[in-house]
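Protein chains in written order, with numbering that gives the first Met the number 0: chain A, 0 to 244; chain B, 0 to 264.
All residues carry an ideal CB built from backbone N, CA and C; glycine is no exception.
Keep in mind that this is a model prediction, so the values were computed, not measured.
Please read the structure below before turning to the comments.
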Amino acid sequence: MAEKIIALAAKNISKTFTISEDSHNTVKHRLFNLFNPPRKKRIEALKMTSIEINQGECVGLLGRNGCGKSTLVKVLAGVYPADTGYMKISGTTMLMNLGVGMSHELTARENIYVSGSVLGLKIKQVDAIFDEIIDFAEVREFVDTKIKFFSSGMVARLSFSIAVKAGADIMFLDEIFAVGDMKFQEKAVKVFESSWIAGKTVVLVSHSMDVISRYCSRTGFMKNGEMKFFGDTQTAIKMYLEDNH
Amino acid sequence: MLLKIVKDWVGRSNKVERIWLLAKIEFKLRYYENKLGLLWALLKPVLDICIYYVVFKIIMKSDVPAFASYLFIGLILWNFFVESTTGSIQILNTKKYLYEYSNMNKLEIYISQLMSNSIGLFFNFVMFLIFYNFFEASSNGLSRYNVWIVILYLNLYILSLGMALILSNIYIIAKDITQIWQVITSFLFFLSPIFYSVRVFKEALPTFEYGNPIAGIIINARRIMMEHKAPDYELLGWDIMYAVFILLVGLIALNKLGSKAAEKL
Chain A
0 MAEKIIALAA KNISKTFTIS EDSHNTVKHR LFNLFNPPRK KRIEALKMTS
50 IEINQGECVG LLGRNGCGKS TLVKVLAGVY PADTGYMKIS GTTMLMNLGV
100 GMSHELTARE NIYVSGSVLG LKIKQVDAIF DEIIDFAEVR EFVDTKIKFF
150 SSGMVARLSF SIAVKAGADI MFLDEIFAVG DMKFQEKAVK VFESSWIAGK
200 TVVLVSHSMD VISRYCSRTG FMKNGEMKFF GDTQTAIKMY LEDNH
Chain B
0 MLLKIVKDWV GRSNKVERIW LLAKIEFKLR YYENKLGLLW ALLKPVLDIC
50 IYYVVFKIIM KSDVPAFASY LFIGLILWNF FVESTTGSIQ ILNTKKYLYE
100 YSNMNKLEIY ISQLMSNSIG LFFNFVMFLI FYNFFEASSN GLSRYNVWIV
150 ILYLNLYILS LGMALILSNI YIIAKDITQI WQVITSFLFF LSPIFYSVRV
200 FKEALPTFEY GNPIAGIIIN ARRIMMEHKA PDYELLGWDI MYAVFILLVG
250 LIALNKLGSK AAEKL
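In structure tokens form, the structure reads like this:
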């Protein structure tokens with residue numbers, strides 16, 4: 000068996016959010032309450048977790064709402080800094096949450112170029128996939144319309160299409176199958192069957208056990224900010240189903 | 000050798016392309032949205048100059064020669080500074096879509112924002128050159144000292160970038176930096192020799208041109224563009240030191256506070 004290359008390694012990472020109950024986010028408040036700090040609530044969104052993901056592997060994440068899946072994914076993608084531990088990421092990352100971020104002030108065309116560029120493509124490379132993105136998103140007539148005039152479904156389809164066509168070395172896909180109408184969802188699932196994720200490292204967050212069991216070789220099950228299990232997909236699904244009852 | 004390394008890096012990475020793309024889009028957003036479009040970028044300093052001209056030349060009888068040009072060069076540099084600092088305070092909020100789904104370096108967002116402002120400054124500067132050389136009655140014409148403007152521009156760019164970094168990162172933890180900065184800018188505006196003559200300014204506030212990093216840039220810009228003198232090297236040295244120091248503080252702020260932007264804003 001060929002030696003596995005690790006695409007992403009995280010050791011003992013954790014994330015706690017501090018939320019002040021009466022928000023002292025102005026200088027005046029801070030000045031008058033120097034000796035009277037606001038009551039703070041600490042939410043341990045992610046407790047000590049270690050994870051290693053191999054290159055080219057598709058890993059699933061399961062757990063009920065609020066169990067820390069999205070926080071884990073954001074820390075791994077480098078969007079949130081972790082409070083503890085260390086991480087090693089080799090390659091570009093992309094976090095896809097319904098789609099990738101886009102500016103509502105820009106047109107579809109501008110958003111495609113900006114997002115493509117942010118994900119590490121050159122302008123020429125974006126030129127090459129531009130038509131594919133537009134056609135996949137089914138927004139050809141509105142290429143030069145600002146996306147604030149788009150329906151929410153159209154925005155979601157566009158941003159999904161950009162993410163799919165642009166891609167990155169390590170992709171974190173957070174509930175991406177909730178995009179668009181039934182016809183588009185079918186297309187979205189089909190993307191998985193095409194060569195999109197071939198050779199890419201993917202972390203897939205989904206409530207669809209069907210998708211997880213079909214594509215993920217290993218799956219983590221999370222509860223209350225803790226990784227309860229990480230390994231065989233069927234075992235993780237069983238734990239998730241038990242948790243739901 | 001060094002050139003080859005730089006060329007290699009530019010060829011492989013898309014950073015330069017990306018910064019320029021973002022700057023162009025930002026510039027377009029700012030001006031092409033309005034009915035008058037780019038005309039606004041040109042009209043704004045002209046209108047400002049008219050106001051100050053009426054107040055200081057006609058009402059208060061200022062004795063500065065070539066006063067309209069004197070105001071012109073001072074105001075376009077000042078406006079660049081204000082647009083780049085006040086206009087960037089909320090940048091981590093408005094440009095969140097750029098960094099919240101990838102590991103893109105936030106510094107690029109700032110650089111592109113200031114590049115976009117630089118496009119505006121460039122247009123204004125060309126207007127100044129046309130005005131000074133063709134319309135100003137007591138114009139001295141062009142001189143070899145004019146090329147110093149490149150150094151002054153870099154100085155101003157670094158200063159503004161540093162300030163934008165500091166302000167926008169403080170914004171993450173204290174939102175009212177916006178109001179505080181407004182007060183500071185109006186203070187700096189009246190304490191810069193934008194519409195007073197440099198002589199009056201220096202008499203009233205001796206050595207203050209060394210204390211206000213933007214004042215020195217404006218004073219030197221007038222020396223090289225209008226008076227055909229070399230810049231005041233000591234002043235220039237101070238201003239560059241200020242700018243580099245502020246940029247360093249800004250980079251530290253981005254490092255310490257900026258990483259929290261995605262979760263706090």
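Please tell me whether residue i has its Cβ less than 7 Å away from any Cβ of chain B.
i, result
"A/F67", "First, the amino acid is wrong: residue 67 of chain A is Gly here, not Phe. False, the Cβ-Cβ gap to chain B never drops below 7 Å."
"A/L7", "no"
"A/L30", "no"
"A/E109", "yes"
"A/G100", "yes"
"A/Y214", "no"
"A/T92", "yes"
"A/V202", "no"
"A/V190", "no"
Near residue i, which residues of its chain fall below 8 Å by C-beta distance, leaving aside the five closest residues on each side in sequence?
i, result
"B/I217", "I72, G73, L76, W77, S191, P192 and I193"
"B/E99", "A261"
"A/V188", "F176 and V210"
"B/I169", "I176, A252 and L256"
"A/K10", "S49, G84, Y85 and M86"
"B/N219", "W147, L151, P230, D231, L234, L235 and D238"
"A/V138", "A107, F149, M153, R156 and L157"
"B/N132", "S138, G140 and L141"
For residue i, does the count of other Cβ atoms within 10 angstroms reach 16, so buried, or fall short, so exposed?
i, result
"A/M0", "Bear in mind that the predicted position of A/M0 carries a pLDDT of just 45, short of 50, making it unreliable; the figure below should be weighed with that in mind. Exposed, by the Cβ-count rule."
"A/M93", "buried"
"A/Y85", "exposed"
"B/Q112", "buried"
"A/D173", "buried"
"B/S159", "buried"
"B/F189", "exposed"
"B/R17", "buried"
"A/K73", "buried"
"B/F134", "exposed"
"A/D180", "exposed"
"B/M59", "exposed"
"B/D238", "buried"
"A/S151", "exposed"
"B/V15", "exposed"
"B/P205", "exposed"
Counting only beta-carbon separations shorter than 7 Å, does residue i have a partner in chain A?
i, result
"B/A261", "yes"
"B/S101", "yes"
"B/E16", "yes"
"B/A22", "no"
"B/A173", "yes"
"B/S111", "no"
"B/S258", "yes"
Closer than 9 Å by beta-carbon distance: list the chain A residues that pair up with residue i, in chain order.
i, result
"B/L264", "Chain A residues near B/L264: none, gap ~11 Å exceeds 9 Å."
"B/L91", "Ordered by position in chain A, no residue passes the 9 Å Cβ test against B/L91, which lies about 13 Å from the chain."
Determine the chain B residues that contact residue i at a beta-carbon separation under 7 Å, and present them in chain order.
i, result
"A/G119", "N13"
"A/S116", "N13, E16, R17 and L20"
Could you pull out every residue in the same chain whose Cβ sits closer than 6 Å to the Cβ of residue i, ignoring the five residues on either side in sequence?
i, result
"B/K228", "R222"
"B/A272", "No information on residue 272 of chain B is available, as it lies outside the stretch 0 to 264 that chain B covers here."
"B/G185", "It is worth fixing the name first, because residue 185 of chain B is Ser in this sequence and not Gly. Taken in chain order, the list of residues that qualify is empty."
"A/L60", "K68, V204 and G219"
"B/G119", "A40"
"A/K39", "T17 and S19"
At a CB-CB cut-off below 9 Å, which residues of chain B make contact with residue i?
i, result
"A/V78", "Y98, E99, Y100, S101, N102, A261 and E262"
"A/Y112", "L20 and I24"
Closer than 8 Å by beta-carbon distance: list the chain B residues that pair up with residue i, in chain order.
i, result
"A/I122", "N13, E16 and L20"
"A/V26", "A173, D175, I176 and I179"
"A/M95", "Y100"
I'd like the list of long-range same chain contacts for residue i, defined as Cβ closer than 7 Å, with 5 residues on each side in sequence excluded.
i, result
"A/F129", "I111"
"A/C57", "I196, V201, L203, Y214, C215 and S216"
At 7 Å on the CB atoms, spell out the chain A contacts of residue i, in chain order.
i, result
"B/L28", "E104"
Check: What beta strand (DSSP E) runs, 3 residues minimum, are completely inside the region 72 to 98 of chain A?
Finding: Runs found: 83 to 88 and 92 to 96.
Next item on the list: Would you list, in sequence order, the uninterrupted alpha helix (DSSP H) runs of no fewer than 4 residues that lie entirely inside the region 75 to 119 of chain B?
Entry: Taking 4 residues as the shortest admissible run, the region 75 to 119 of chain B contains the following complete alpha helix (DSSP H) segments, listed from N- to C-terminal end: 90 to 93 and 95 to 98.
Notebook entry, point to check: If you scan the region 159 to 213 of chain A from start to end, which runs of the alpha helix (DSSP H) of 4 or more residues do you find wholly inside it?
Noted result: Counting only runs of 4 or more, we get 181 to 192.
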